[in-house]
Amino acid sequence: MAPSGSPAVTLAVLVLLLWGAPWTHGRRSNVRVITDENWRELLEGDWMIEFYAPWCPACQNLQPEWESFAEWGEDLEVNVAKVDVTEQPGLSGRFIITALPTIYHCKDGEFRRYQGPRTKKDFINFISDKEWKSIEPVSSWFGPGSVLMSSMSALFQLSMWIRACHNYFIEDLGLPVWGSYTVFALATLFSGLLLGLCMIFVADCLCPSKRRRPQPYPYPSSVSSLSWEWKMLCISLKSSGPRVGDSAERIPQNFYARKWQVLRGLCWNAWTAYKYQGECLAEWFSTLALSHKLLQGLFSGICTFKSFSDASGAGMRATGLT
Numbered sequence: 001m002a003p004s005g006s007p008a009v010t011l012a013v014l015v016l017l018l019w020g021a022p023w024t025h026g027r028r029s030n031v032r033v034i035t036d037e038n039w040r041e042l043l044e045g046d047w048m049i050e051f052y053a054p055w056c057p058a059c060q061n062l063q064p065e066w067e068s069f070a071e072w073g074e075d076l077e078v079n080v081a082k083v084d085v086t087e088q089p090g091l092s093g094r095f096i097i098t099a100l101p102t103i104y105h106c107k108d109g110e111f112r113r114y115q116g117p118r119t120k121k122d123f124i125n126f127i128s129d130k131e132w133k134s135i136e137p138v139s140s141w142f143g144p145g146s147v148l149m150s151s152m153s154a155l156f157q158l159s160m161w162i163r164a165c166h167n168y169f170i171e172d173l174g175l176p177v178w179g180s181y182t183v184f185a186l187a188t189l190f191s192g193l194l195l196g197l198c199m200i201f202v203a204d205c206l207c208p209s210k211r212r213r214p215q216p217y218p219y220p221s222s223v224s225s226l227s228w229e230w231k232m233l234c235i236s237l238k239s240s241g242p243r244v245g246d247s248a249e250r251i252p253q254n255f256y257a258r259k260w261q262v263l264r265g266l267c268w269n270a271w272t273a274y275k276y277q278g279e280c281l282a283e284w285f286s287t288l289a290l291s292h293k294l295l296q297g298l299f300s301g302i303c304t305f306k307s308f309s310d311a312s313g314a315g316m317r318a319t320g321l322t
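UniProt numbering numbers the first residue of the sequence shown as 1 and each following residue consecutively.
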């Protein structure tokens, strides 16, 4: 019975070894996986990060060396991590990954790009001999935590989301390619209109436009100059009117029409100036002073016109026209 039981025992031992081999290999792997959720852990401590893609042949050749280097991470006091750019497009944009594989060294938030040989021994010497000090760190403007790189990361994530939506429209909904492009064109149009409306609203709140004041009438704004004009009109009319001893031929035919024209112009100009100044509530006190000057100008104009009428009436009586 012993020989019959030996194959069973041997088979059981082989099954246990095969079953435990992946589990043992998983325990030895000290490579940490970095995602968009935990990437800020890189800002503290000493790190070596590899950016790779599963379909990249160079990345596949690097994996054994990277796994072996990770076993020395605890002795070298360095954290070894990796990022799959196919699953984390935001991180590929944040770190400006243009070639695969790409390796970065990070020391307390300062990032340096590793461009040396890709072997386990070279990785160990790079950390133990502190060769990273001879490499210029990435500028703070282009660091993964900067506003510029955060915007780049959001742009990469948006592009992947648009690609996923395009595949959903074509494969799941059965839309043609031009139909998917039409949907994105309309979405771009409406989003642009909405963004423009928001920008105009914000600009109007921050820098409100000045209200235009109504244009003043073409009449003089000062009552003193207005009364001076009235006086000049009345004086000119008075000087051209009839005098005592004048003949009938010297009296102009439109003399009385001009007299009433001066009177109407005087009243209309006074009313227009008073109305315009009265509409400006902010200039209330100046309006009161202006009204006082207006009354003075109106009174002087009436007195001038009265003296002109008396003189013209005396002249007409002397010539026998009345």
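Ideal Cβ placement from N, Cα and C applies to all residues, glycine included.
Report the rounded CA-to-CA distance for residue i versus residue j, giving the unit in angstroms.
i: W55; j: A81; result: 19 angstroms
i: F111; j: G179; result: 44 angstroms
i: E65; j: M48; result: 13 angstroms
i: N125; j: W141; result: 30 angstroms
i: I97; j: M160; result: 15 angstroms
i: P208; j: L186; result: 32 angstroms
i: residue 331; j: G109; result: Since the first and last residues shown for the chain are 1 and 322, residue 331 lies out of range.
i: D122; j: G116; result: 8 angstroms
i: R113; j: D129; result: 16 angstroms
i: S191; j: C198; result: 10 angstroms
i: E50; j: A164; result: 26 angstroms
i: S134; j: I103; result: 16 angstroms
i: F69; j: A99; result: 21 angstroms
i: D204; j: G174; result: 45 angstroms
i: Y181; j: D75; result: 54 angstroms
i: T188; j: H166; result: 14 angstroms
i: C59; j: V202; result: 48 angstroms
i: P176; j: R118; result: 46 angstroms
i: P57; j: I162; result: 28 angstroms
i: L206; j: Q63; result: 55 angstroms
Please name the residue in the options whose C-alpha comes closest to that of residue i.
i: Q88; options: Q157, L189, L186, T188; result: Q157
i: Y52; options: V78, V85, D46; result: V85
i: E131; options: K107, W72, A185; result: K107
i: C79; options: L43, L100, Q60, T102; result: A quick correction: the sequence has Asn, not Cys, at residue 79. Measuring from the Cα of N79, the nearest candidate turns out to be L43.
i: N61; options: P101, N38, A70; result: P101
i: E136; options: D122, H105, N125, H166; result: H105
i: E41; options: R163, G145, L76, A58; result: G145
i: K120; options: G73, S150, L193, V83; result: G73
i: E77; options: I127, F201, N38; result: I127
i: V138; options: V177, I162, F95, R118; result: F95
i: W39; options: V83, I200, P176; result: V83
Just confirm the distance between the C-beta atoms of residue i and residue j, as a whole number of angstroms; I'd bet it's less than 8 angstroms.
i: L155; j: G93; result: 6 angstroms
i: V31; j: E67; result: 6 angstroms
i: V183; j: F169; result: 7 angstroms
i: D36; j: L91; result: 6 angstroms
i: M149; j: G143; result: 6 angstroms
Could you check where the beta strand (DSSP E) with residue i kicks off and where it finishes?
i: W39; result: Segment: none, W39 is in no beta strand (DSSP E) and carries neither H nor E.
i: W47; result: 46 to 52
i: T102; result: 102 to 107
i: F111; result: 110 to 114
Give the DSSP-derived three-state secondary structure of residue i in the structure shown.
i: V138; result: coil
i: L91; result: helix
i: R118; result: coil
i: N79; result: strand
i: D84; result: strand
i: F126; result: helix
i: G143; result: coil
Between which two residues does the alpha helix (DSSP H) containing residue i stretch?
i: N61; result: 57 to 70
i: T188; result: 177 to 206
i: N167; result: 147 to 167
Taking 8 angstroms as the CB-CB cut-off, is residue i touching chain B?
i: A81; result: The chain inventory of the structure shown lacks chain B, comprising one protein chain alone.
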